[in-house]
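Below is one structure; the comments refer to it alone.
Protein chains: 2
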Amino acid sequence: MKKIINDPDQVVEEMLQGIVFAHPTVRRLPGYNVLVREVISQKVGLVSGGGSGHEPAHGGFVGKGMLDGAVAGSVFTSPTPDQVYEAIKAVDQKKGVLLIIKNYTGDVLNFEMAGELAEADGIRVEKVIVNDDVAVENSTWTTGRRGIAGTIFVHKIAGAKAEAGADLDDVKRVAEKVIDNVRSMGMALASCTVPAVGKPSFSLDENQVEIGIGIHGEPGTHREALKTADEITSQLMDKILNELNVSQKDEVAVLINGLGATPLMELYIINRKVSQILTSKEIRVAKTYVNNYMTALDMGGFSISILKLDTELKELLFAPADTPALVQN
Amino acid sequence: MKKIINDPDQVVEEMLQGIVFAHPTVRRLPGYNVLVREVISQKVGLVSGGGSGHEPAHGGFVGKGMLDGAVAGSVFTSPTPDQVYEAIKAVDQKKGVLLIIKNYTGDVLNFEMAGELAEADGIRVEKVIVNDDVAVENSTWTTGRRGIAGTIFVHKIAGAKAEAGADLDDVKRVAEKVIDNVRSMGMALASCTVPAVGKPSFSLDENQVEIGIGIHGEPGTHREALKTADEITSQLMDKILNELNVSQKDEVAVLINGLGATPLMELYIINRKVSQILTSKEIRVAKTYVNNYMTALDMGGFSISILKLDTELKELLFAPADTPALVQN
Chain A
1 MKKIINDPDQ VVEEMLQGIV FAHPTVRRLP GYNVLVREVI SQKVGLVSGG
51 GSGHEPAHGG FVGKGMLDGA VAGSVFTSPT PDQVYEAIKA VDQKKGVLLI
101 IKNYTGDVLN FEMAGELAEA DGIRVEKVIV NDDVAVENST WTTGRRGIAG
151 TIFVHKIAGA KAEAGADLDD VKRVAEKVID NVRSMGMALA SCTVPAVGKP
201 SFSLDENQVE IGIGIHGEPG THREALKTAD EITSQLMDKI LNELNVSQKD
251 EVAVLINGLG ATPLMELYII NRKVSQILTS KEIRVAKTYV NNYMTALDMG
301 GFSISILKLD TELKELLFAP ADTPALVQN
Chain B
1 MKKIINDPDQ VVEEMLQGIV FAHPTVRRLP GYNVLVREVI SQKVGLVSGG
51 GSGHEPAHGG FVGKGMLDGA VAGSVFTSPT PDQVYEAIKA VDQKKGVLLI
101 IKNYTGDVLN FEMAGELAEA DGIRVEKVIV NDDVAVENST WTTGRRGIAG
151 TIFVHKIAGA KAEAGADLDD VKRVAEKVID NVRSMGMALA SCTVPAVGKP
201 SFSLDENQVE IGIGIHGEPG THREALKTAD EITSQLMDKI LNELNVSQKD
251 EVAVLINGLG ATPLMELYII NRKVSQILTS KEIRVAKTYV NNYMTALDMG
301 GFSISILKLD TELKELLFAP ADTPALVQN
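Next up, the structure:
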């Protein structure tokens, strides 16, 4: 295993320290793997999180216009309920807290349990479950579809709604509207290596890729020979658009997400084809994000997320944000 | 070679198309591999660039508060003088143009030749040459030190100065002050692969790293066995601080730069140690950037850049910026 780390068992601890040193707008709850805004404002609180290894998700999205708290589990492992519970208590301002959970069995159970603990304290807690990945129904760690990079749109848009002063029901409504309208799919060129495991999670032949990969290396739909960027992109877009009710004159947002080891050059080549496909269908692209947003450690590959917009979602998507990983004016 | 591309000879062309589709604030000069701001304002123009493969550098830094134009050569190959000349003409607003050149023989020659062509047209052109890499004196493609990720600080600070309405001499002065006060050094875990070559530029053993690597895979100071993140970081910081005149109570900015295939988790672990080292020396960190800013395609590794600040540099560093790869409020 070739990684720039110290102790495989300390990667999350040391990463959190490095994040806090870098970003003074984010602070850590003492004794917990929880990052919260330095200044929590009087509004509905938004808490997300999950296993580590998906950086900048989720701690990178803590800040104005997005999340109030992010809980970091061990690598690719759900955070425990007590950690999530602390996050909820830290961000609650008597206006309730929305949990944004990616659809993995462990995350759903532990976030729900934390929510129940907080409700026993009199904090109002609601949840939404993101399941944007169209690759597979049910999977290694999921009943139903998995939650992947489309989650960033939920953070952004629900975050903007909360920032605007909406109440918990309204923030939850808009988060669910995003979830209903976002679909994603990814692929891998090369496996990631979990530090504590020390060897690649799976192996692919020199000319082989995995279509529909999960963000923890879970199997996708199938393996096949490496094709061109345009062919791979078309294949993913076919499946995404097939699951998303978009047609001529509709407007969408695009997120091209690197899984950790994929150069920005390749992500832009992918975006070229995504844009061409959408334009050929007379679907308008209102906004495009191209970067590493929800990674899988050092995995080679990418995912595409498409969000169908309406007037409300578009306005909230364009609202300002100020977080370590996403700043918008 | 496992890459998500179409034709190795078309990667720059297709990437530029993908960038323009994604970022409406940036436009391409028709027929040239030049990205310029969609709206060029009345101020000193800033042009940078170099070989492609370092994304988001340099096109990702075109925008308010940073560059006006970026010229993209072929992968790891200097852009030709005619391309740079077009960029200069496109951004000139009769207030002169500053060329920000990384110190590689090809870049220096071609940017200088372009400057002469523009001056023959009556455009006032000045240049600065960035040589922040303390690893080696002279190298494969360099006389003197190489220019690497510290260049981002030059873009940011000279960009802010130009945005504030300073004249060409003053923008050049502040760019040179940054160059005088920034030092960087990197290391590689794994080689990059140039698409048109199709195989790794160099090879390292399973447990071997290259200290002082260049951003095109040029040799560094030496190879050695992989050590811990803290040990590697200390080693690079020793050399950087040795070349930079900083002492107790001084204030610095830090840039931890991924070379393309290095997870953000590891960059933050590195930042933890950088921060600890600086704190132990009572050097204050005013601002920290952790991300992929100047990559080397899919190279595994990172670089550290430290900029010694004074009041003027600090104020300009904190000024707003709005570019595809760096947004600051």
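Going down the list, the sequences are from chains A and B.
In terms of full-length UniProt numbering, the first sequence opens at residue 1 and continues consecutively.
In terms of full-length UniProt numbering, the second sequence opens at residue 1 and continues consecutively.
Using N, Cα and C, we set each Cβ at its ideal position, and we do this for glycine too.
Computed from a predicted model, the values in this text were never measured in an experiment.
Distance CB(residue i)-CB(residue j) smaller than 8 Å
i: ALA196/B; j: PRO81/B; result: no
i: MET185/B; j: ASP133/B; result: yes
i: VAL128/A; j: VAL108/A; result: no
i: ASP92/B; j: GLY45/B; result: yes
i: GLU243/A; j: ARG183/A; result: yes
i: GLY115/B; j: ASN131/B; result: no
i: LYS43/B; j: ALA162/B; result: yes
i: ALA261/A; j: LYS156/A; result: no
i: TYR293/A; j: PRO56/A; result: yes
i: SER275/B; j: PHE61/A; result: no
Beta-ladder partner(s) of residue i, from DSSP
i: SER184/B; result: ASP133/B and SER305/B
i: TYR289/B; result: LEU255/B
i: ARG145/B; result: BP columns for ARG145/B are empty, so no partner.
i: HIS155/A; result: Note: HIS155/A sits in no beta bridge, so no partner.
i: SER48/B; result: ALA70/B
i: LYS64/B; result: ASP322/B
i: ARG27/B; result: VAL36/B
i: ILE100/A; result: VAL128/A
i: ALA190/A; result: GLY300/A
i: ALA225/A; result: GLN208/A
i: PRO200/A; result: THR193/A
i: ARG284/A; result: GLU251/A
i: VAL327/A; result: ASP322/A
i: PHE91/B; result: The question names Phe, but residue 91/B in the sequence shown is Val. Paired residue(s): none; VAL91/B is not in a bridge.
8 Å Cβ cutoff, residue i in contact with chain A
i: GLN235/B; result: no
i: GLU218/B; result: no
i: MET185/B; result: no
i: ARG272/B; result: yes
i: GLN17/B; result: yes
i: GLN328/B; result: yes
i: PHE76/B; result: no
i: ASN292/B; result: yes
i: TYR85/B; result: no
i: PHE21/B; result: yes
i: PRO200/B; result: no
i: TYR5/B; result: One point to set straight first is that residue 5/B is Ile, not Tyr, in the sequence displayed. So, interface residue.
i: LYS239/B; result: no
Minimum Cβ-Cβ distance from residue i to chain B less than 8 Å
i: ILE152/A; result: no
i: PHE111/A; result: no
i: THR228/A; result: yes
i: LYS156/A; result: no
i: ASP298/A; result: yes
i: SER275/A; result: yes
i: GLY31/A; result: no
i: THR262/A; result: yes
i: ASN257/A; result: no
i: PRO79/A; result: no
i: LEU98/A; result: no
i: GLY53/A; result: yes
i: VAL11/A; result: yes
i: LEU307/A; result: no
Same chain only: Cβ atoms within 6 Å of residue i, ignoring 5 sequence neighbours per side
i: THR193/A; result: MET1 and PRO200
i: GLU86/A; result: LEU29, TYR32 and VAL34
i: ASN291/B; result: none
i: TRP141/B; result: TYR104 and THR105
i: LEU117/B; result: TYR85
i: LEU297/A; result: GLY53, CYS192 and GLY260
Cβ distance (whole Å) where residue i is taken to contact residue j below 8 Å
i: GLY18/A; j: VAL47/A; result: Their Cβ separation, rounded to whole angstroms, is 22 Å, which puts GLY18/A and VAL47/A out of contact at 8 Å.
i: LYS95/A; j: LEU313/A; result: LYS95/A to LEU313/A, Cβ: 22 Å. No contact.
i: GLY63/A; j: THR323/A; result: 3 Å
i: LEU317/B; j: LYS287/B; result: 6 Å
i: ILE256/A; j: ALA175/A; result: Not a contact, Cβ separation roughly 22 Å.
Own chain residues within Cβ distance below 8 Å of residue i, not counting five before or after
i: ASP169/B; result: GLU126
i: ALA229/B; result: GLU266, ILE269, ILE270 and LYS273
i: LEU16/A; result: ARG28, ASN33, LEU35, GLY59 and ALA72
i: GLY198/B; result: MET1 and PRO8
Chain-order list of residues whose beta-carbon lies under 7 Å from that of residue i (same chain, five-residue window excluded)
i: PRO24/B; result: GLU38
i: GLU218/B; result: SER139, THR140 and TRP141
i: LYS203/A; result: The sequence given here has Ser at residue 203/A, not Lys. SER191, listed in sequence order.
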